[in-house]
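Chains as they are written, first to last, in the numbering used here: chain A, 1 to 410; chain B, 1001 to 1249; chain C, 2001 to 2311; chain D, 3001 to 3417. Structure first, commentary second.
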């Protein structure tokens, strides 16, 4: 029992002792740092700390050092709001987050209300991985910028690629039954009908999120439907088990996914032996990136022993620095105004721009397949010996989709 | 006059074994009635049937003329029957006072109310004090029931049983496991609290039975072989053979 | 149609046996000790990780034997130095102890093996196609899992019903004092039972690890469904758990095959009455059905389908 | 002092603490955290109406908290869209009614049995509700949940309830009222019978009470208060999503209540405050906070089954008898090995965590308690072992002294035994 009291005292002391000097720019990093989501949140944190070091090495922001303050949101929207509040109290006027569209949606809402109610203390929110399209549509906010391609852009890229693949005739769609999966389902149906009216959608399945232990029955259905291609937004265990069950049953189809490259995905694909049958869609591929990006990738892997998952985080931080320099101000509103319509060369070489109407970043997208690496390819994944090979590039301009955002501008 | 309790051809089987094999018995209002019989005769089962703890396989039970067969224990209690248990069955974490007070609440009509403070219910508190006085536990008022001495717990058991003011009281071996002196006190207590009520009791101690009971029924193998005043039972031949006879050996 | 029924039955049985394999230790511990072990899935997880560690160093088969024994040892130690202490405070305290234990085990696994899935593979000796049915292959490893599950069931039934040890432990549950009087060391019996239960979970982990995903959240994701199995089957009834596993496996698998919704059944009125639920297909809610089954069974028959006691 | 006046004094003190807390801890984070604490106090106490008072172990109490939160969020949105003259402070009533409704609905099917059957039904219901929450998107808003704006309702006396401090006081007032009501309920015939049913449901039936009815009413009331807490949570966060009705939240309330102590009324309050504080703050201090949480919980189950309040309550008679000081020397003696043990444990966990998880990418150097150390070198590990072993041996040596001190302090010298 006193153990406890002591614990409280120690915790209180440490929190109090953590008061920091005021001459740094603080970026609150709000993502899961404990529990199941931490594997991803920790890696994201490393990205930002590393990027901050780079910014600081190149002169910082207006001569001030950038400091990353990590906060654990436990992938819980309500908790994220409490942590955002803590970040602001600790002096952060900029926050960044990526994991979970529900968290992102809560943060947009929180930042909007906080800024309305606390004029002069505005806070800006950079989103590097939450992909729900509505975040830059119905829920869009002046105080929110997104660097990751949203679900719609990703599906546009996949379907643009499928347009060039006449061998695709029967498509099966399977997704997790929650907002993201439902969005992927809807987009896949709409865009396939528009771009490949000849393709037959032979199945359209939703299954509960992270509740299925055995995908054999689903595979039996896919098999019975005669599909040659499957489109899925599944991630984590739902992705791994789906592929394992497919391999067990000898199902020979191509898998177009959003998150086959997510944590643990490469390991699972290697286990199934599905060589170059699983595809994903991303904003950068290390094996075909320009030399400077490859060099950065090498440095990052050498330092942290993990893939540079988020090329978009690099874009985010570089653009942040650029906006501060151009605005000659650390005021979030001034920074936000400079970010709007900013055009840059992206980390992976293409041209990218931050669309002003909805604050969605647009960039070249790559379709990749996972499997044995061709000669000369440098980067494998999760020590499997297999890696990603680019199969197509979809230019940024071909992924532009109109937005429904009606932004309230301050 | 309507009997306080009327059993008609009551039967209870557990699987293929019939434990109570057609008991028919009238217990008159105001009498002290003891049920005796050898171990395994079904005395406790009969108590459980009457009080609703288990449901009979066949037959009927009437309390003051009203059929109570198959009712839940609390419904039977509402109709004026209260019982004690052979193995002490109290509220162990509550104090003696709380034990008693909980047992008077229903009879005073407080039911499931959560809009009045129990400490302000003068009648309930007074009644609880009276009962404690009656069972001689006033000094132990704020003691948790679980740490009472055995005899005190037995007294509390009786206190809980009589607290609700039921007209029919059933005591299951109230003096079991007591020393002679404790038994004497218990008998005095039973005599006092059963004043003006109907008492049914199961008891092994024959001096208690014959000292206390107005009438006695003898239960053997799930059937009543004799019912009558103590003197009649003493003289009954079947009883002597089946029961007292055994003890004589 | 025939194809769907055949596949659904086969897949249902396979899945059901997987569930039974994982739940058998849980029901054993409950029937013997009356403890509802919330950490059971954690033992299953430890089994998978131990199996993984051993298989990548020595091989799958040594892991198959050693890992469950290690998990059993861990379980016995936890019983001896943890659970036994709280035994006196009653079943709620025991349950809460295992609840906290599940927390700690997950964090420890996080610490030792990281949060990402580990590469635990099917052994080459079992990595082949067992048979082919209507163009769908069934891997030998699934058949191995099925055989192990059945073997576990038979083994447990024999132990409990036919051996002296089984009789003693069953008696120890209902009459601990009496059994102690007869000269048996009840605490040791409990420790052994808990160890065996944990070892069974560990065995399930060793086997299921390569087939599923070996990761720290595997315990949490699996946990509740095991309770459904043993509660629906009847708490403490091994046969019940076996049949409930089959039932749940089949129900879930057949449900996945059904694309119909209330909308298809009664037309547009479904959406007016049930709103969105009207257009939800049976397949969509298949994995939720076991929980529905749990609630319905407990309301209608609190002892479970084959059980005879409630707590 | 009589029991009644002591109670009044305690409640007065509670009111004062609620009133001045934001003046003492004035930062935005503190006010936000204390608002959450206020909500959790209500939630944990409502849970203890089941666990501590009636002996019902529920694994699905968040169902009522969460569902009521959704109703409250919808009510706020409706009031705003329709321009209904509904002020924010009455919204928790909506939550209470919703909680009551679902409490009655689900209570009717789950309270027929206590014990394991009840626990399992609540577990199943909890899983079902979270599953349906994802299926019914219009009502539950899918993953995102339902967001709302508390500042757009009818102002009360000029307060618009935008600023967090106003929300704090709104929650504080509701918290005070609910705590008082829940305390009052324990003092009513029903409250007493809840205890009786917890102790011995069978005997309760033989003194005229249907155990099922008692459980059912307690369950419904408990769900009502959980509903109020859920609505306050919706107001506080201006957001409700299905997490709030899920197994994690149900587990959290169990943790709070049990760690605080189920045997005393104040237990869940202590638990709610402490666990909320740790939940929001511990993750800043250590990445292994969930491990500490698990160990804390196991520690309480093993060594203090009455929870914190139970442990404190052991000392109450001594405080009243003015003999608490007799324990002081023994406790002071124990404090040292205890601290050593604690520091050793923390070192062990932090060092292991760093070496196993972070060392690969951050190197072996770390700092614990602001002391820099290298996990690859021997000294920190030696210190850890010394502290742990020293702590254990020290405690063993001191333990009998504590026992003696207890014996001396509790020696009957008249008065209460």
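C-beta atoms are modelled at their ideal positions from N, C-alpha and C, and glycine is treated no differently. Remember, it's a predicted structure, so these values are computed and weren't measured experimentally.
Proximal residues to residue i (C-beta, below 7 Å), its chain only, five neighbours per side dropped
i               : result
residue 3212(D) : 3111, 3112
residue 3407(D) : none
residue 3153(D) : 3076, 3079, 3080, 3086, 3087, 3088
residue 3376(D) : 3364
residue 380(A)  : 373, 386, 387
Nearest candidate by alpha-carbon position, reference residue i, set the options
i               : options                            : result
residue 174(A)  : 399(A), 85(A), 323(A), 257(A)      : 257(A)
residue 1116(B) : 3105(D), 3128(D), 3184(D), 3077(D) : 3184(D)
residue 2312(C) : 3353(D), 3373(D), 3390(D), 3397(D) : Because residue 2312(C) is not part of the residues shown, which for chain C are 2001 to 2311, the question remains open.
residue 408(A)  : 197(A), 141(A), 102(A)             : 141(A)
residue 3288(D) : 3334(D), 3356(D), 3228(D)          : 3356(D)
residue 2238(C) : 2198(C), 2116(C), 2158(C)          : 2158(C)
residue 3049(D) : 3156(D), 3163(D), 3216(D)          : 3216(D)
residue 1250(B) : 1222(B), 1034(B), 1012(B)          : The requested residue 1250(B) is not part of the displayed model; chain B covers only 1001 to 1249.
residue 98(A)   : 45(A), 264(A), 118(A), 295(A)      : 45(A)
residue 3351(D) : 3384(D), 3399(D), 3141(D)          : 3384(D)
residue 241(A)  : 2136(C), 2143(C), 2095(C), 2209(C) : 2209(C)
residue 355(A)  : 158(A), 363(A), 348(A)             : 363(A)
residue 3344(D) : 3334(D), 3362(D), 3368(D), 3230(D) : 3368(D)
residue 394(A)  : 154(A), 358(A), 234(A), 171(A)     : 154(A)
residue 1211(B) : 1221(B), 1220(B), 1005(B), 1188(B) : 1188(B)
residue 244(A)  : 226(A), 214(A), 259(A)             : 214(A)
residue 127(A)  : 115(A), 121(A), 105(A)             : 105(A)
residue 1140(B) : 1013(B), 1112(B), 1197(B), 1098(B) : 1098(B)
Beta-carbon contacts of residue i that lie in its chain and below 6 Å, excluding the five residues immediately before and after
i               : result
residue 2203(C) : 2068
residue 178(A)  : 209
residue 3273(D) : 3037
Length of the line joining the Cα atoms of residue i and residue j
i               : j               : result
residue 34(A)   : residue 3189(D) : 46 Å
residue 222(A)  : residue 247(A)  : 13 Å
residue 1227(B) : residue 3268(D) : 58 Å
residue 2249(C) : residue 188(A)  : 31 Å
residue 3165(D) : residue 3011(D) : 22 Å
residue 385(A)  : residue 3120(D) : 46 Å
residue 193(A)  : residue 162(A)  : 12 Å
residue 3393(D) : residue 3386(D) : 10 Å
residue 416(A)  : residue 281(A)  : Nothing in the structure corresponds to residue 416(A), since chain A is present only between 1 and 410.
residue 2399(C) : residue 2106(C) : Absent from the structure is residue 2399(C), since the part of chain C shown begins at 2001 and ends at 2311.
residue 1013(B) : residue 2307(C) : 21 Å
residue 1060(B) : residue 2020(C) : 47 Å
residue 3139(D) : residue 3132(D) : 10 Å
Residues near residue i in its chain [Cβ-Cβ closer than 8 Å; skip 5 each side]
i            : result
residue 9(A) : No answer about residue 9(A) holds up, because its pLDDT of 44 lies below 50 and its placement is not dependable.
Run through the segment 264–307 of chain A for me and flag every whole alpha helix (DSSP H) of 4 or more residues, listed as ranges in chain order.
265–272, 291–304
Measuring CB atoms only, is the segment 130–141 of chain A touching the segment 106–116 of chain A, in the sense that at least three cross pairs come out at less than 8 Å?
yes
Assess, as a yes-or-no matter, whether the segment 1090–1103 of chain B is touched by the segment 1045–1056 of chain B under the definition of 3 or more beta carbon pairs within less than 8 Å.
Three or more beta-carbon pairs separated by less than 8 Å are not found between the segment 1045–1056 of chain B and the segment 1090–1103 of chain B, which leaves the two stretches without contact.
Runs of alpha helix (DSSP H) lying entirely within the segment 3330–3371 of chain D, each at least 4 residues, in chain order
DSSP runs (the alpha helix (DSSP H)) wholly in the segment 3330–3371 of chain D: 3359–3362.
For the segment 311–318 of chain A and the segment 251–268 of chain A, state whether three or more C-beta atom pairs, one from each stretch, are separated by less than 8 Å.
Touching, no, given that fewer than three Cβ pairs across the two stretches are closer than 8 Å.
Specify whether the segment 2222–2230 of chain C and the segment 2048–2061 of chain C touch according to this definition: at least 3 beta carbon pairs, one from each stretch, less than 8 Å apart.
no
Is the segment 124–140 of chain A touching the segment 162–171 of chain A, taking contact as three or more C-beta pairs under 8 Å?
no
Below 8 Å, how does it come out for the segment 72–82 of chain A and the segment 324–343 of chain A: are there three or more Cβ pairs, yes or no?
no
Touching or not, the segment 1077–1084 of chain B and the segment 1129–1144 of chain B, by the rule of three or more beta carbon pairs under 8 Å?
no
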